[in-house]
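First the structure, in the form of structure tokens, and then the observations on it.
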Amino acid sequence: MPKESADMPPHLAPNHFWEFAALAHEIRQPLTAILSNAQAAWHFLAMDTPDLPEARAALADIIAGARRTNEVIRQLQAFLTAGTLEQTCLHINDVIHETIGLVRSDADAQHVLITLDLAADLPLVSGDRIQLRQVLLNLVRNAFEAMHQMEDGDRTLVVRTTSTTPEGITVAVQDRGLSIDETSLARLFHPFFTTKAGGMGLGLALSRSIITAHGGWIWATRNPDRGLTVSFTLPAV
Amino acid sequence: MDKTAPTVFVVDDDVNVRCALARLIRSLGMQVETFASAREFLRCQRPDGPACLVLDVRIAGENGLIVQEALRTAAWRPPIIFLTGHGTVPMCVRAMKGGAVDFLQKPVDDEDLLTAISTALEQDYRTRDSQRQRAELHQRVTTLTPRERDVMGLIITGLLNKEIAYALGTSEKTIKAHRARVMQKMQATSVAELVRMAAMLETCEPHPAQLQPIPCAG
Numbered sequence: 001m002p003k004e005s006a007d008m009p010p011h012l013a014p015n016h017f018w019e020f021a022a023l024a025h026e027i028r029q030p031l032t033a034i035l036s037n038a039q040a041a042w043h044f045l046a047m048d049t050p051d052l053p054e055a056r057a058a059l060a061d062i063i064a065g066a067r068r069t070n071e072v073i074r075q076l077q078a079f080l081t082a083g084t085l086e087q088t089c090l091h092i093n094d095v096i097h098e099t100i101g102l103v104r105s106d107a108d109a110q111h112v113l114i115t116l117d118l119a120a121d122l123p124l125v126s127g128d129r130i131q132l133r134q135v136l137l138n139l140v141r142n143a144f145e146a147m148h149q150m151e152d153g154d155r156t157l158v159v160r161t162t163s164t165t166p167e168g169i170t171v172a173v174q175d176r177g178l179s180i181d182e183t184s185l186a187r188l189f190h191p192f193f194t195t196k197a198g199g200m201g202l203g204l205a206l207s208r209s210i211i212t213a214h215g216g217w218i219w220a221t222r223n224p225d226r227g228l229t230v231s232f233t234l235p236a237v
Numbered sequence: 238m239d240k241t242a243p244t245v246f247v248v249d250d251d252v253n254v255r256c257a258l259a260r261l262i263r264s265l266g267m268q269v270e271t272f273a274s275a276r277e278f279l280r281c282q283r284p285d286g287p288a289c290l291v292l293d294v295r296i297a298g299e300n301g302l303i304v305q306e307a308l309r310t311a312a313w314r315p316p317i318i319f320l321t322g323h324g325t326v327p328m329c330v331r332a333m334k335g336g337a338v339d340f341l342q343k344p345v346d347d348e349d350l351l352t353a354i355s356t357a358l359e360q361d362y363r364t365r366d367s368q369r370q371r372a373e374l375h376q377r378v379t380t381l382t383p384r385e386r387d388v389m390g391l392i393i394t395g396l397l398n399k400e401i402a403y404a405l406g407t408s409e410k411t412i413k414a415h416r417a418r419v420m421q422k423m424q425a426t427s428v429a430e431l432v433r434m435a436a437m438l439e440t441c442e443p444h445p446a447q448l449q450p451i452p453c454a455g
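Read top to bottom, the protein sequences are chains Y and H.
Each residue of the first sequence is one higher than the one before, counting from 1 in my numbering.
Each residue of the second sequence is one higher than the one before, counting from 238 in my numbering.
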């Protein structure tokens, strides 16, 4: 991010300025697509022989773009309101199984081998099932994305649960994707930080909000050979 | 695809923006090719006709301005139009100083884009034309003998035949013959034209043969 402090409005804290700049960018992107598609449709229809297929394709993309812009705003709302929980007592292993069930077809399509190393006799944790599943989905999908460019047969994902002292559990999601650099590692959980083309960068920030609200910690470490392991703890009931 | 028609290259990591810009440029009657990354673009072939590049300055993983730098020593240097969703003034100044045709904010208006593209293509057309002329002149120079080259070098300084003869230690008659061959081989109809040709051959722009293929980092 550029550091020109001369451009920073004085009433905004330094961190938040760049978040707002990133948010503006996230909304400008779909708006750019919408405007260009609309103007293109206009030109295609103004031709001596209007190009109807192109105009229709442009309109379809405009509709998709409008929905995408709404999705950006929805994600932002989720991020800002994370922390309001519906607490129940959960077996974290069950939540993991549910999550894996949701991504099974993606895993098969992308030839990702998922290994579950789940401890038996874990203590119950108190949490919002939907939000914790959201965290796991985020970590698992990030892992898929990280391994996207790896050779077939080399994409392995491990989800591990262990019990820890003081009374609690740790969940670790380990991938064998491209390793990230020091700078990226330091900013991994920042809002709007992303290394993905087309990514918005809220997933991990949202995950951190959720885990923190549950009384746990979330962190990432680079694996000795390759890839990343993202882990979080939750206190036992 | 018509090979001598102009081509607009669009590089943006957002597939929706890429597709929309391509559609807009097509609706304005131009050929367009799109790439998701600067790296992919740098691998493509130079088209036969004039070309320009519409580039998002924030290309994921690579800074658009670095691409501008890399293109500076490349064998192919299309004029660049930068697009940005959040440009800062210093970034814009750096881009313009680096020789960008324009720096437009997103969402981009069709008229602004068309104006910038027209300017860029016109610039590329003129560059390619002068590159072609320079290559042609280089070719003519290679047909000169070393002696003829010496004579040419002295003609353009304005020396008379007998002065050239004295400088090179030979007869005026020999110099006249050399002069005639120089003018004929270079296809110059006057000394003034020969001087212009010599100037063109010595401009700061490196000869295309001296430019490097673009390094692909990683």
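Idealized CB from N, CA, C, for every residue including glycine.
Compare the C-beta of residue i against all C-beta atoms of chain H and say whether one is closer than 8 Å.
i: PHE144(Y); result: no
i: PHE44(Y); result: yes
i: GLU71(Y); result: no
i: THR32(Y); result: yes
i: HIS190(Y); result: no
i: ASP61(Y); result: yes
i: GLU54(Y); result: yes
i: ALA213(Y); result: no
i: HIS25(Y); result: yes
i: LEU12(Y); result: Note on LEU12(Y): pLDDT 45, under 50, position unreliable in the model; the coordinate value appears next. Output row for LEU12(Y): interface = no.
i: ALA40(Y); result: yes
List the residues of chain H that residue i touches, going by C-beta distances under 9 Å, in chain order.
i: GLY65(Y); result: ASN253 and ALA257
i: ALA58(Y); result: ALA257, ARG260, LEU261 and SER264
Taking residue i as the query, report the chain H residues whose CB atoms sit under 7 Å from its CB, ordered along the chain.
i: ASN37(Y); result: ALA257 and ARG260
i: ARG28(Y); result: GLY322, LYS343 and PRO344
Which chain Y residues are close to residue i, counting only those with a beta carbon under 7 Å from its beta carbon?
i: LEU265(H); result: HIS43
For the candidate residues the options, whose alpha-carbon lies nearest to that of residue i?
i: ARG363(H); options: GLY395(H), SER274(H), THR379(H) and PRO315(H); result: PRO315(H)
i: ALA41(Y); options: PHE272(H), LEU292(H), ALA259(H) and PRO383(H); result: ALA259(H)
i: MET150(Y); options: ASP51(Y), THR32(Y), ARG226(Y) and THR233(Y); result: ARG226(Y)
i: GLN421(H); options: ARG386(H), PHE272(H) and SER367(H); result: ARG386(H)
i: THR194(Y); options: ALA146(Y), LEU234(Y) and LEU136(Y); result: ALA146(Y)
i: THR32(Y); options: PRO53(Y), THR88(Y), ALA66(Y) and ARG187(Y); result: ALA66(Y)
i: LEU239(Y); options: LEU206(Y), LEU137(Y), LEU52(Y) and THR170(Y); result: Residue numbering for chain Y in the displayed model covers 1 to 237; residue 239(Y) lies beyond these limits and cannot be assessed.
i: GLY177(Y); options: LEU228(Y), SER184(Y) and ARG160(Y); result: LEU228(Y)
i: MET328(H); options: ARG309(H), ASP346(H), LEU265(H) and ILE303(H); result: ILE303(H)
i: LEU137(Y); options: ILE63(Y), GLY203(Y), HIS111(Y) and THR88(Y); result: GLY203(Y)
i: ALA417(H); options: VAL338(H), THR244(H) and VAL388(H); result: VAL388(H)
i: GLY395(H); options: MET333(H), ASP251(H), VAL428(H) and ALA353(H); result: VAL428(H)
i: ASN37(Y); options: ILE393(H), SER355(H) and PRO344(H); result: PRO344(H)
i: HIS148(Y); options: LEU116(Y), SER184(Y) and ASP108(Y); result: ASP108(Y)
i: LEU265(H); options: ASP51(Y), VAL112(Y), ARG28(Y) and VAL140(Y); result: ASP51(Y)
i: ALA425(H); options: GLU409(H), GLU439(H), ILE412(H) and ILE393(H); result: ILE393(H)
i: SER184(Y); options: THR164(Y), GLY201(Y) and GLN174(Y); result: GLY201(Y)
i: PRO384(H); options: ALA404(H), VAL252(H), ARG365(H) and THR352(H); result: Sequence inspection shows Arg at residue 384(H); the Pro mentioned does not correspond to that position. For the residues ALA404(H), VAL252(H), ARG365(H) and THR352(H), the minimum Cα distance to ARG384(H) belongs to ALA404(H).
i: ALA307(H); options: ILE412(H), PRO287(H), ALA436(H) and GLY335(H); result: GLY335(H)
i: LEU59(Y); options: LEU76(Y), HIS43(Y), ILE114(Y) and ILE73(Y); result: HIS43(Y)
i: GLY127(Y); options: TRP217(Y), ILE34(Y) and ALA213(Y); result: ALA213(Y)
i: ALA236(Y); options: LEU139(Y), ILE218(Y) and GLY168(Y); result: GLY168(Y)
Using a Cβ-Cβ cut-off of 8 Å, state whether residue i counts as contacting chain Y.
i: ASP366(H); result: no
i: ASP347(H); result: yes
i: PHE246(H); result: no
Is it buried or exposed, residue i, if we count other Cβ atoms within 10 angstroms and call 16 or more buried?
i: ASP61(Y); result: buried
i: MET434(H); result: buried
i: LEU157(Y); result: buried
i: PRO224(Y); result: exposed
i: THR221(Y); result: exposed
i: GLU258(Y); result: The structure shown does not extend to residue 258(Y), since chain Y spans only 1 to 237, so no value can be given for it.
i: GLN131(Y); result: buried
i: MET423(H); result: buried
i: SER367(H); result: exposed
i: CYS281(H); result: exposed
i: THR233(Y); result: buried
i: GLY215(Y); result: exposed
i: GLY101(Y); result: exposed
List, from N- to C-terminal side, the alpha helix (DSSP H) runs of 4 residues or more that fit wholly inside the region 43–93 of chain Y. 52–81
For the region 110–170 of chain Y, list the beta strand (DSSP E) runs that are entirely contained and at least 3 residues long, ordered along the chain. Taken in chain order, the complete beta strand (DSSP E) segments of 3 residues or longer contained in the region 110–170 of chain Y are 113–118, 125–127 and 156–164.
Can you give, in chain order, each stretch of the beta strand (DSSP E) that sits fully within the region 280–356 of chain H and has at least 3 residues? List check, beta strand (DSSP E) in window: 288–293, 317–321 and 339–342.
Report the start-end ranges of each beta strand (DSSP E) in the region 180–209 of chain Y that is 3 residues or longer and not cut off at the edges. Scanning the region 180–209 of chain Y for uninterrupted beta strand (DSSP E) segments of 3 residues or longer gives nothing; none is fully contained.
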